[in-house]
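> Right, I'll just put the structure down here and ask away after.
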Amino acid sequence: MPAGLGGVCRQWQRNARASAWQLGTRAARSATHRTNTAAARAPAEHMSSQKPRVVGLTGSIGMGKSTVSAMFAARGVPVCDADAIVHELYASGGEAVPKVQALFPPGTDLLDADGGIDRRKLSPLVVGDGAKATLKQLEDIVHPLVTDRRKKFVEDNLRTSPFVIVDVPLLYETGGEKDCDAVVVVSTADAQVQRERVLARPNMTAEKLDAILKKQVPDEQKRSRADFVINTATSLADTEAQVDELVRRFTEAER
Numbered sequence: 001m002p003a004g005l006g007g008v009c010r011q012w013q014r015n016a017r018a019s020a021w022q023l024g025t026r027a028a029r030s031a032t033h034r035t036n037t038a039a040a041r042a043p044a045e046h047m048s049s050q051k052p053r054v055v056g057l058t059g060s061i062g063m064g065k066s067t068v069s070a071m072f073a074a075r076g077v078p079v080c081d082a083d084a085i086v087h088e089l090y091a092s093g094g095e096a097v098p099k100v101q102a103l104f105p106p107g108t109d110l111l112d113a114d115g116g117i118d119r120r121k122l123s124p125l126v127v128g129d130g131a132k133a134t135l136k137q138l139e140d141i142v143h144p145l146v147t148d149r150r151k152k153f154v155e156d157n158l159r160t161s162p163f164v165i166v167d168v169p170l171l172y173e174t175g176g177e178k179d180c181d182a183v184v185v186v187s188t189a190d191a192q193v194q195r196e197r198v199l200a201r202p203n204m205t206a207e208k209l210d211a212i213l214k215k216q217v218p219d220e221q222k223r224s225r226a227d228f229v230i231n232t233a234t235s236l237a238d239t240e241a242q243v244d245e246l247v248r249r250f251t252e253a254e255r
């Protein structure tokens, strides 16, 4: 499948992992973060007084970002997903496939049965202290391709929509917040709830989770830098109400 834009940045993700979302919510309901929801929190001081048009959506692993992204999409908001772009770039015929292959010696087994990059085979080659240089080379290939597609998506959709969501898991880690008018962080503000959610996933281990967290800006820092925070420590209905409030703000606010 060619790495076309149409199948990548779209209003999607309707099959969110509701069971993982609900895990541990009772313990987190009393968290003080409840008062820091999108509905209650004022915009950060550094945010423009104008209505934001490009809204970055991010959050650490296990915080419910994908579910929130799907909620925005279900409300008709154009959503561009960085992970989905990477999957398309790595798919058979994808623009990144020959470039990634060229990083490694001829004959290196990187491909899946369809001729795309198999992430399970690629991961051991770019993880670890001895592979930092290779990882940097890989990022130098993939990040510009993702950025180009995201920019085209934003330009195309802002012609007809009051705002767009740019869903980027590593938004702060890659400096992507500079390209956004506002940033929404999805968080439970509870590390234990986060661990329970992630460790409930198939093939996830505590060691894998710890390695992932080391690469991510701590949740507390993300919340402190955000313009808005969506609290996912409560129910799906409550989270949907927070999303509705943000859609209203971004759509109806005066410039």
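full-length UniProt numbering applies: residue 1 is where the sequence shown begins, and numbers increase by one.
Just so you know, even glycine gets a beta-carbon here, dropped at the ideal spot from N, CA and C.
1) Tell me, which residues are paired with Ala211 by DSSP?
2) With DSSP as the reference, please indicate the residues paired to Asp81 in a beta bridge.
3) How is Ala74 classed by DSSP in three states: helix, strand or coil?
4) Take every Cβ of the region 203-211, pair it with every Cβ of the region 149-166, and state whether three or more of those distances are shorter than 8 Å.
5) Look up Ile230 in the DSSP assignment and give the residues it is bridged to.
6) To the nearest angstrom, how far is the alpha carbon of Asn157 from that of Thr108?
7) Helix, strand or coil for Ile61? Go by DSSP, reduced to three states.
8) Roughly how many angstroms separate the alpha carbons of Arg223 and Val166, rounded to a whole number?
9) Quick one: residues in its chain with C-beta nearer than 6 Å to the C-beta of Leu171, no 5 flanking neighbours on either side, listed in chain order?
10) Could you spell out the range, first to last residue, of the alpha helix (DSSP H) harbouring Pro105?
11) Am I right that Val86 and Val142 are in contact with their C-beta atoms under 8 Å? What's the rounded C-beta distance?
12) When you compare only the Cα positions, how much space is there between Asp244 and Asp179?
13) Would the region 112-122 and the region 78-92 be scored as touching if the rule is three or more Cβ pairs under 8 Å?
14) Rounded to whole angstroms, what is the Cα-Cα separation between Val184 and Arg225?
15) How many Å lie between Ile230 and Ser66 at the Cα?
16) Below 8 Å between beta carbons: does that hold for Gln71 and Glu240?
17) Closest by CA to Glu196, which one among Ala73, Glu220, Ile61?
18) In the structure shown, what three-state DSSP assignment does Val97 receive?
19) Mind checking which residues open and close the alpha helix (DSSP H) that includes Ile141?
20) Over what stretch of residues does the alpha helix (DSSP H) that includes Ala191 continue unbroken?
21) How many angstroms separate the CA atom of Arg249 from the CA atom of Val54?
22) The alpha helix (DSSP H) with Lys222 in it runs from where to where?
Per the coordinate set shown:
1) Against the sequence shown, residue 211 aligns to sequence position 211. In DSSP, Ala211 forms no bridge with anything.
2) Sequence index remark: in the sequence shown, residue 81 carries index 81 (1-based). Beta-bridge pairing links Asp81 to Asp167.
3) Counting from 1 along the sequence shown, the entry for residue 74 is found at position 74. It is helical.
4) no
5) The residue you call residue 230 lines up with position 230 of the sequence shown. Answer is Val186.
6) On the sequence shown, position 157 is the one that residue 157 refers to. On the sequence shown, position 108 is the one that residue 108 refers to. Looking at the two C-alpha atoms, the distance is approximately 40 Å.
7) Position 61 of the sequence shown, counted from the first residue, corresponds to residue 61. If DSSP states are grouped into helix, strand and coil, Ile61 belongs with coil.
8) The count along the sequence shown starts at 1 and reaches residue 223 at position 223. The count along the sequence shown starts at 1 and reaches residue 166 at position 166. One C-alpha to the other measures close to 17 Å.
9) Locating residue 171 in the sequence shown gives position 171, counting from the first residue. Excluding residues within five positions, the ones whose Cβ falls inside 6 Å are Gly56, Thr58, Glu177.
10) For the purposes of this step, residue 105 is taken as residue 105 along the sequence shown, with counting starting at 1. Looking at the DSSP string, Pro105 is not in any alpha helix (DSSP H), and its letter there is neither H nor E.
11) Taking the first residue of the sequence shown as 1, we reach residue 86 at position 86. Taking the first residue of the sequence shown as 1, we reach residue 142 at position 142. So it is a contact: roughly 6 Å between Cβ atoms.
12) Here residue 244 refers to the residue found at position 244 when the sequence shown is read from its first residue. Here residue 179 refers to the residue found at position 179 when the sequence shown is read from its first residue. The alpha-carbon atoms of Asp244 and Asp179 are separated by roughly 24 Å.
13) yes
14) Stepping through the sequence shown from its first residue, residue 184 is reached at position 184. Stepping through the sequence shown from its first residue, residue 225 is reached at position 225. Val184 and Arg225: Cα-Cα distance of roughly 10 Å.
15) Taking the sequence shown and counting its residues from 1, one reaches residue 230 at position 230. Taking the sequence shown and counting its residues from 1, one reaches residue 66 at position 66. Those two C-alpha atoms are separated by around 12 Å.
16) Position 71 of the sequence shown, counted from the first residue, corresponds to residue 71. Position 240 of the sequence shown, counted from the first residue, corresponds to residue 240. Rather than Gln, the amino acid found at residue 71 in this sequence is Met. Contact: yes.
17) Working through the sequence shown from its first residue, we reach residue 196 at position 196. Of Ala73, Glu220, Ile61, the residue nearest in Cα terms is Ile61.
18) In the sequence shown, residue 97 corresponds to position 97, counting from 1. Helix, per DSSP.
19) Here the question's residue 141 lines up with position 141 in the sequence shown. Here the alpha helix (DSSP H) through Ile141 covers 132-157.
20) Position 191 of the sequence shown, counting from 1, holds the residue named residue 191. Per DSSP, Ala191 belongs to the alpha helix (DSSP H) from 191-199.
21) Walking along the sequence shown from the start, residue 249 turns up at place 249. Walking along the sequence shown from the start, residue 54 turns up at place 54. Near 13 Å, if we compare the C-alpha coordinates of Val54 and Arg249.
22) Translated into the one-based positions of the sequence shown, residue 222 becomes position 222. It spans 219-225 - the alpha helix (DSSP H) in which Lys222 sits, taken as one unbroken run.
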